[in-house]
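Listed in order, the protein sequences are those of chains L and Z. Take the numbering used here: the final residue in the first sequence is number 476, and no numbers are missing along the way. Take the numbering used here: the final residue in the second sequence is number 952, and no numbers are missing along the way. Glycine included, each C-beta is placed from N, C-alpha and C at the ideal position. This structure is a prediction, so every number in the text was calculated from the model and none was measured. First up is the structure itself, then whatever we jot down about it.
Protein chains: 2
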Amino acid sequence: MKLLYRAALTALVFATLSACQHTDNNPTSNVTEVSNPDSAVAQQLASKALESNLAYELVESLTVEVGPRLAGTEKDLLAVQWAMDKLNALGFDKVYKEAVQVPVWHRGIAQATITAPFEQPLVITALGGSIATPEGGIHAPIVRFDSLDALKQASREQVAGKIVFIDHKTHRHKSGKGYVITVGGRSRGAISAAEKGAVAIVIRSIGTDSDRMAHTGMMRYKEGIAKIPAAAMSNPDADLINAMLKRDTNITMSLTLSSENQGFATSYNVIAEVTGSSKPDEVVLIGAHLDSWDEGTGAIDDGAGVAIVTAAAKLIQDLPQKPARTIRVVLYAAEEVGLVGGKTYAKDHADELEKHYIAAESDFGAGKIYQLDLRVNPAVFEQVQQLHTSVSTLGVALGNNQASGGPDVSMLPRLGVPVASLRQDGSDYFDYHHTPNDTLDKIVPESLAQNVAVYAHFAYIMAQSNINLRPIAKKQ
Amino acid sequence: MKLLYRAALTALVFATLSACQHTDNNPTSNVTEVSNPDSAVAQQLASKALESNLAYELVESLTVEVGPRLAGTEKDLLAVQWAMDKLNALGFDKVYKEAVQVPVWHRGIAQATITAPFEQPLVITALGGSIATPEGGIHAPIVRFDSLDALKQASREQVAGKIVFIDHKTHRHKSGKGYVITVGGRSRGAISAAEKGAVAIVIRSIGTDSDRMAHTGMMRYKEGIAKIPAAAMSNPDADLINAMLKRDTNITMSLTLSSENQGFATSYNVIAEVTGSSKPDEVVLIGAHLDSWDEGTGAIDDGAGVAIVTAAAKLIQDLPQKPARTIRVVLYAAEEVGLVGGKTYAKDHADELEKHYIAAESDFGAGKIYQLDLRVNPAVFEQVQQLHTSVSTLGVALGNNQASGGPDVSMLPRLGVPVASLRQDGSDYFDYHHTPNDTLDKIVPESLAQNVAVYAHFAYIMAQSNINLRPIAKKQ
Numbered sequence: 001m002k003l004l005y006r007a008a009l010t011a012l013v014f015a016t017l018s019a020c021q022h023t024d025n026n027p028t029s030n031v032t033e034v035s036n037p038d039s040a041v042a043q044q045l046a047s048k049a050l051e052s053n054l055a056y057e058l059v060e061s062l063t064v065e066v067g068p069r070l071a072g073t074e075k076d077l078l079a080v081q082w083a084m085d086k087l088n089a090l091g092f093d094k095v096y097k098e099a100v101q102v103p104v105w106h107r108g109i110a111q112a113t114i115t116a117p118f119e120q121p122l123v124i125t126a127l128g129g130s131i132a133t134p135e136g137g138i139h140a141p142i143v144r145f146d147s148l149d150a151l152k153q154a155s156r157e158q159v160a161g162k163i164v165f166i167d168h169k170t171h172r173h174k175s176g177k178g179y180v181i182t183v184g185g186r187s188r189g190a191i192s193a194a195e196k197g198a199v200a201i202v203i204r205s206i207g208t209d210s211d212r213m214a215h216t217g218m219m220r221y222k223e224g225i226a227k228i229p230a231a232a233m234s235n236p237d238a239d240l241i242n243a244m245l246k247r248d249t250n251i252t253m254s255l256t257l258s259s260e261n262q263g264f265a266t267s268y269n270v271i272a273e274v275t276g277s278s279k280p281d282e283v284v285l286i287g288a289h290l291d292s293w294d295e296g297t298g299a300i301d302d303g304a305g306v307a308i309v310t311a312a313a314k315l316i317q318d319l320p321q322k323p324a325r326t327i328r329v330v331l332y333a334a335e336e337v338g339l340v341g342g343k344t345y346a347k348d349h350a351d352e353l354e355k356h357y358i359a360a361e362s363d364f365g366a367g368k369i370y371q372l373d374l375r376v377n378p379a380v381f382e383q384v385q386q387l388h389t390s391v392s393t394l395g396v397a398l399g400n401n402q403a404s405g406g407p408d409v410s411m412l413p414r415l416g417v418p419v420a421s422l423r424q425d426g427s428d429y430f431d432y433h434h435t436p437n438d439t440l441d442k443i444v445p446e447s448l449a450q451n452v453a454v455y456a457h458f459a460y461i462m463a464q465s466n467i468n469l470r471p472i473a474k475k476q
Numbered sequence: 477m478k479l480l481y482r483a484a485l486t487a488l489v490f491a492t493l494s495a496c497q498h499t500d501n502n503p504t505s506n507v508t509e510v511s512n513p514d515s516a517v518a519q520q521l522a523s524k525a526l527e528s529n530l531a532y533e534l535v536e537s538l539t540v541e542v543g544p545r546l547a548g549t550e551k552d553l554l555a556v557q558w559a560m561d562k563l564n565a566l567g568f569d570k571v572y573k574e575a576v577q578v579p580v581w582h583r584g585i586a587q588a589t590i591t592a593p594f595e596q597p598l599v600i601t602a603l604g605g606s607i608a609t610p611e612g613g614i615h616a617p618i619v620r621f622d623s624l625d626a627l628k629q630a631s632r633e634q635v636a637g638k639i640v641f642i643d644h645k646t647h648r649h650k651s652g653k654g655y656v657i658t659v660g661g662r663s664r665g666a667i668s669a670a671e672k673g674a675v676a677i678v679i680r681s682i683g684t685d686s687d688r689m690a691h692t693g694m695m696r697y698k699e700g701i702a703k704i705p706a707a708a709m710s711n712p713d714a715d716l717i718n719a720m721l722k723r724d725t726n727i728t729m730s731l732t733l734s735s736e737n738q739g740f741a742t743s744y745n746v747i748a749e750v751t752g753s754s755k756p757d758e759v760v761l762i763g764a765h766l767d768s769w770d771e772g773t774g775a776i777d778d779g780a781g782v783a784i785v786t787a788a789a790k791l792i793q794d795l796p797q798k799p800a801r802t803i804r805v806v807l808y809a810a811e812e813v814g815l816v817g818g819k820t821y822a823k824d825h826a827d828e829l830e831k832h833y834i835a836a837e838s839d840f841g842a843g844k845i846y847q848l849d850l851r852v853n854p855a856v857f858e859q860v861q862q863l864h865t866s867v868s869t870l871g872v873a874l875g876n877n878q879a880s881g882g883p884d885v886s887m888l889p890r891l892g893v894p895v896a897s898l899r900q901d902g903s904d905y906f907d908y909h910h911t912p913n914d915t916l917d918k919i920v921p922e923s924l925a926q927n928v929a930v931y932a933h934f935a936y937i938m939a940q941s942n943i944n945l946r947p948i949a950k951k952q
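Below, the structure written as structure tokens:
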């Protein structure tokens, strides 16, 4: 404890000294003049955030009163109504919603059994977007691959008529980078398998846990390539198959899915604003997605994000003096089924995007934020970092200039919009992600409050900044 | 590391000194004369156990090649065949099986939804032995109780026509004592609920995890009291209901179970023996149960126990000089559904029980053994403890004289048979117990090997001892 205390104290002193130094060295700098009072307000906002329970109350309310809210379902519309009611009750300057056409997918049942050499039931889940198996299910040998790449290198003869089993393991990292390595097997595995004549695909779940729960998530088909049923099995089930393969390479599986794609429905991006005091047409966008998968209650994905950005904006709404720019909270529709709300927003707001000062989405659970990455003009990158120096008191380091911004704002940099990634500790995120285990108990209130503090700090500083962030850095 | 090393060294030196002291103080004691060479052999057995992978190979084989093996099912008979084959292959002096009539229960489907005030699906599982709900399911208000005791104190008016929700939380303890406190709600809750006119019971799972998995386990009905359907919900689901109750005390649930009791079938206790060299008719019994619940692969419950006692006996089988008494490995049938194999054994071997020197069952997962409890004649208790002194080198303390012996031998003390409890660290046992999560990956090979070492050490010492353990201590 003492060591930690000393480290925190040292960091604080260092941050204070840095700020002083900066003032001394650049007495006439526009940046510095603005940054000091802004930093003070930002830190006050952060302090209030750390004392507030609002974000936890919001995610509790959403998970308890709505729960699972798969895009295009009745529950999805209930979530939209929940959000409209909450945002109105919180007293934002503006609250509105914008229609989004979302694909509707029904999970149905998912059953799989290894029928030989040792009969054992498996715990699986259908991947989002998968078609059903034919009447009576599929019974076929399985063929195992280490990865999607290994499948791509296989011959048609190895794969045709079989159920492809991609056995990639997802490794645990604070940044979640293990997911990036394996998720292609989920999203594109069915295409590669079908190209070689596979009859179905059942992957090892993209998850870092050893719970006997399968992780769902979106998969895609490709025009002109046969559609085959796609599912994921839990990590212990994948281990079981490997143990069987050591004994006998001839393994057969029986697979039944009754999933169905059911066309399109109307959902909504729900939006709230704190109107800017002097530049109301300029927007600092902080977002999250309102939809969730259907098996958990959507707590860490992405009830937490909804709560974080809403609570952060509410703190700014309650300031006696609003910041210059408008803070816009966007609760996106249908992220899980293909970033649909994000894409629709980018399209519908195309004319306004040049007025988007910066955008960031919270969609990585409720772990503490440890780093602030940006994607701004490289010439002003360090200046912008300096504006955020006091975020170090919240345990956040200043990172790189290669931020993606988050899923629903990931298309904005291509359209010239600066973004930021407030990077969360996702060490356990992929233990629960896209499983029934995505429930409220996985959220630590203190960590959630730290997120609110960092978002409020970030949004306020950005809404006051006088630096032109454009043109943004190219992707390396 | 250094601290640990020093602690281990200190323990070792202390144990050595104690042994020396004992010899000095009691130069003519019969106990000491026997204990020294026996202790040396016991420690050699333990050393071999720590280097052996046999137990892990056995539990891997059982979980992979058989998997779930609910009493009275085809898989149960497959497990019996697996055990006969393994025990024969290991070269025990005798291998045989004894018929046991076991109740057959079929799980069927289990579905529950909170229908008001907020519609949400729950993750539940049927309790073993439960009847089905009527056609069309049950739709009724729920009534919550803190515990089985609170239910017992309720009025009929509070309970009649409702679904009882017992909300007891099971707390984590090394000894597993949290389970003992709450399990009555599972086993006897349906009787108390039905006595007051409840239409069903759905308890908070008897589990220490926060996974969204429900824990099954046996429940009972009582002659003359109505049978009502009984299920358990996961801990996060119980939390969800509590959060709803804060908003609205009127909660309704829809419940569907299709469970069925299907009469009786024949299963088997599978037995292997290392024949004693000089007292072959006297028995040191080390047991475990072969059956498992149906949702996991029965790794920690009780594949681990099967592997531990089998591997321990195999080490003794391979000794050049067998111990005086017979080591009998009993792999009990149908423990989960009511200690059926244990009761049948006690009945069928009634005439032979006076020749049972001591009995112990391994049925608490694969955590390391930390304490050896006994139930022997109080007059010789300390003498018997002294025989086991060298078990301290395995990290095991000598405990009390109030051992139960384990579920399937728990009826033996009433019949005069001494028992021992080789107590395992069960800190995480009730995270996985009776869920789909009971899979091989939950077993740490090193801990499993320590169990084998302690069982081999214990069994050998007991098979050589010259102390009369009877009459055993009364239960305090």
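Worksheet entry | Cα-Cα separation between A939(Z) and R946(Z), rounded to whole angstroms | Translated into positions along the second sequence, residue 939(Z) becomes position 463. Translated into positions along the second sequence, residue 946(Z) becomes position 470. Going by the C-alpha atoms only, they are around 15 Å apart.
Practice prompt. Give the range of the alpha helix (DSSP H) segment to which P921(Z) is assigned.
Written response: Translated into positions along the second sequence, residue 921(Z) becomes position 445. Looking at the DSSP string, the run of the alpha helix (DSSP H) that includes P921(Z) is P921 to Q940.
Practice prompt. Give the range of the alpha helix (DSSP H) segment to which E477(L) is assigned.
Written response: In the structure as shown, chain L starts at 1 and stops at 476, and residue 477(L) therefore has no counterpart that could be examined.
Worksheet item: In chain order, what residues of the same chain have a beta carbon less than 7 Å from the beta carbon of D824(Z), not counting five sequence neighbours either side?
Response: Locating residue 824(Z) in the second sequence gives position 348, where the first residue counts as 1. Contacts found: E574.
Discussion item. Quick check for students: name the residue ranges of the alpha helix (DSSP H) that lie wholly in the segment 830 to 887 of chain Z, counting only runs of 4 or more.
Written reply: 857 to 863
Discussion item. Using the three-state DSSP reduction, which class does R328(L) fall into: helix, strand or coil?
Written reply: For the purposes of this step, residue 328(L) is taken as residue 328 along the first sequence, with counting starting at 1. If DSSP states are grouped into helix, strand and coil, R328(L) belongs with the strands.
Fill in: Beta-carbon proximity check, T439(L) vs A299(L), cutoff 8 Å
For the purposes of this step, residue 439(L) is identified with residue 439 of the first sequence, where counting begins at 1. For the purposes of this step, residue 299(L) is identified with residue 299 of the first sequence, where counting begins at 1. In contact: T439(L) and A299(L) (Cβ atoms closer than 8 Å).
Worksheet item: For the segment 703 to 715 of chain Z, which residues have a CB atom closer than 7 Å to at least one CB atom of chain L, in sequence order?
Response: P712 and D715
Worksheet item: What are the uninterrupted segments assigned as beta strand (DSSP E) that are 3 or more residues long and contained completely in the segment 39 to 90 of chain L, given in chain order?
Response: none
Fill in: Own chain partners of T170(L) with C-beta closer than 7 Å, once the 5 adjacent residues on each side are dropped
For the purposes of this step, residue 170(L) is identified with residue 170 of the first sequence, where counting begins at 1. Closer than 7 Å at the Cβ level, and outside the excluded window around T170(L), lie G178, Y179, T182, I206, G207, T208 and F430.
Worksheet item: If we cut at 8 Å on Cβ distances, does G543(Z) have a partner in chain L?
Response: Taking the first residue of the second sequence as position 1, residue 543(Z) is located at position 67. Yes, because at least one Cβ of chain L sits closer than 8 Å to the Cβ of G543(Z).
Worksheet entry | Under 8 Å between C-beta atoms of H864(Z) and V759(Z) | Counting from 1 along the second sequence, the entry for residue 864(Z) is found at position 388. Counting from 1 along the second sequence, the entry for residue 759(Z) is found at position 283. No, the pair does not count as a contact, with Cβ atoms beyond the cut-off.
Item to complete: Answer yes or no: do G781(Z) and D839(Z) have a C-beta to C-beta separation smaller than 8 Å?
Response: Along the second sequence, read from residue 1 onward, the residue named residue 781(Z) stands at position 305. Along the second sequence, read from residue 1 onward, the residue named residue 839(Z) stands at position 363. Yes, Cβ-Cβ distance for G781(Z) and D839(Z) is below 8 Å.
Worksheet entry | Per-residue burial, S278(L) [other beta carbons within 10 Å of its own, 16 or more giving buried] | Sequence index remark: in the first sequence, residue 278(L) carries index 278 (1-based). With fewer than 16 Cβ atoms within 10 Å of its Cβ, S278(L) is classed as exposed.
Worksheet item: Who does P103(L) pair with in a DSSP beta bridge?
Response: Start at 1 with the first residue of the first sequence, and residue 103(L) comes out as number 103. In the DSSP output, where bridge partners are listed per residue, P103(L) has F264(L).
Worksheet item: Does any residue of chain Z bring its CB to less than 8 Å from the CB of D85(L)?
Response: As a first step, residue 85(L) is located in the first sequence; it is residue number 85 there, counting from the start. False, the Cβ-Cβ gap to chain Z never drops below 8 Å.
Worksheet entry | Enclosing beta strand (DSSP E) for M219(L) [first to last residue] | For the purposes of this step, residue 219(L) is taken as the residue at position 219 of the first sequence. Careful: M219(L) lies outside any beta strand (DSSP E) and carries neither H nor E.
Worksheet entry | Partner residues on chain Z for E477(L), Cβ-Cβ distance less than 7 Å | For residue 477(L) there is no data in the structure shown, the boundaries of chain L being 1 and 476.
Item to complete: Starting from the C-beta of V95(L), find all residues in its chain whose C-beta is less than 6 Å away, skip the five residues before and the five after it, and write them out in chain order.
Response: Taking the first residue of the first sequence as 1, we reach residue 95(L) at position 95. Excluding sequence neighbours, V95(L) sits near L87, N88 and A272.
Worksheet item: Among the residues of its own chain, which have a CB less than 7 Å from the CB of A238(L), if the five just before and after it don't count?
Response: If you number the first sequence from 1, residue 238(L) lands on position 238. Hits under 7 Å: D167 and R204.
Practice prompt. Give the interface partners of V782(Z) over in chain L, defined as CB-CB distance under 8 Å, in chain order.
Written response: In the second sequence, residue 782(Z) corresponds to position 306, counting from 1. Here the premise fails: no neighbours, minimum Cβ distance about 17 Å.
Worksheet item: Considering only the beta carbon of each residue, do L848(Z) and V885(Z) sit closer than 8 Å?
Response: Residue mapping note: residue 848(Z) aligns to position 372 of the second sequence, counting from 1. Residue mapping note: residue 885(Z) aligns to position 409 of the second sequence, counting from 1. Taking 8 Å as the Cβ cut-off, L848(Z) and V885(Z) do not qualify as a contacting pair.
Discussion item. Could you compute how far the alpha carbon of S175(L) sits from the alpha carbon of P889(Z)?
Written reply: Along the first sequence, one-based indexing puts residue 175(L) at 175. Along the second sequence, one-based indexing puts residue 889(Z) at 413. About 56 Å.
Item to complete: Would you kindly work out how many angstroms separate the C-alpha atoms of S686(Z) and I241(L), rounded to a whole number?
Response: Taking the second sequence and counting its residues from 1, one reaches residue 686(Z) at position 210. Taking the first sequence and counting its residues from 1, one reaches residue 241(L) at position 241. Straight-line Cα distance between these residues: approximately 27 Å.
Worksheet item: With 8 Å set as the bound, which would you pick, yes or no: does the beta-carbon of T684(Z) sit closer than that to a beta-carbon of chain L?
Response: Residue numbering aside, residue 684(Z) sits at position 208 when the second sequence is read from its first letter. So no, T684(Z) is outside the interface.
Worksheet item: How long is the line joining the alpha carbons of G567(Z) and Q793(Z), rounded to whole angstroms?
Response: The residue labelled residue 567(Z) in the question sits at position 91 within the second sequence. The residue labelled residue 793(Z) in the question sits at position 317 within the second sequence. G567(Z) and Q793(Z): Cα-Cα distance of roughly 8 Å.
Worksheet item: Skipping 5 residues on each side, what residues in its chain have a beta carbon closer than 8 Å to that of T539(Z)?
Response: The count along the second sequence starts at 1 and reaches residue 539(Z) at position 63. If we look at T539(Z) and ignore the five residues flanking it on each side, its Cβ neighbours are T773, G774, A775, G779, T915 and L916.
Discussion item. Strictly below 7 Å CB to CB, what residues from chain Z border E441(L)?
Written reply: Sequence index remark: in the first sequence, residue 441(L) carries index 441 (1-based). The amino acid occupying residue 441(L) in the given sequence is Asp; Glu does not appear at that position. The contacting residues are S686, P712 and D715.
Worksheet item: Thinking C-alpha only, which one of I163(L), T393(L) and A403(L) is nearest P378(L)?
Response: On the first sequence, residue 378(L) is found 378 positions in, with the first residue counted as 1. Minimum Cα distance to P378(L) is reached at A403(L).
Discussion item. Suppose you measure from the CA of F621(Z) to the CA of R664(Z); what does that come to, to the nearest Å?
Written reply: As a first step, residue 621(Z) is located in the second sequence; it is residue number 145 there, counting from the start. As a first step, residue 664(Z) is located in the second sequence; it is residue number 188 there, counting from the start. Straight-line Cα distance between these residues: approximately 14 Å.
Discussion item. If we require 3 or more residues per run, which beta strand (DSSP E) segments fall completely within the segment 579 to 628 of chain Z?
Written reply: 586 to 592, 596 to 598, 600 to 602 and 614 to 621
Discussion item. Let me see if you follow: with CB-CB separation under 8 Å, is N437(L) close to chain Z or not?
Written reply: Here residue 437(L) is taken as the residue at index 437 of the first sequence, counted from 1. Yes, its Cβ sits closer than 8 Å to a Cβ of chain Z.
Discussion item. Could you pull the DSSP bridge partners for N745(Z) from this structure?
Written reply: Locating residue 745(Z) in the second sequence gives position 269, counting from the first residue. For N745(Z), which the question treats as bridged, DSSP gives the partners E574(Z).
Worksheet item: Tell me which same chain residues have a C-beta within less than 8 Å of the C-beta of N401(L), skipping the five on either side of it?
Response: The residue given as residue 401(L) occupies position 401 in the first sequence. Only D373, L374, R375, V376, P378, F381 and A473 meet the Cβ criterion.
Worksheet item: Relative to chain Z, which residues along the segment 96 to 126 of chain L have a C-beta separation below 7 Å, given in chain order?
Response: F118, Q120 and V123
Worksheet item: What in chain Z is Cβ-close to V64(L), meaning under 7 Å?
Response: Position 64 of the first sequence, counting from 1, holds the residue named residue 64(L). Within 7 Å Cβ-Cβ: F594, L716, A719 and M720.
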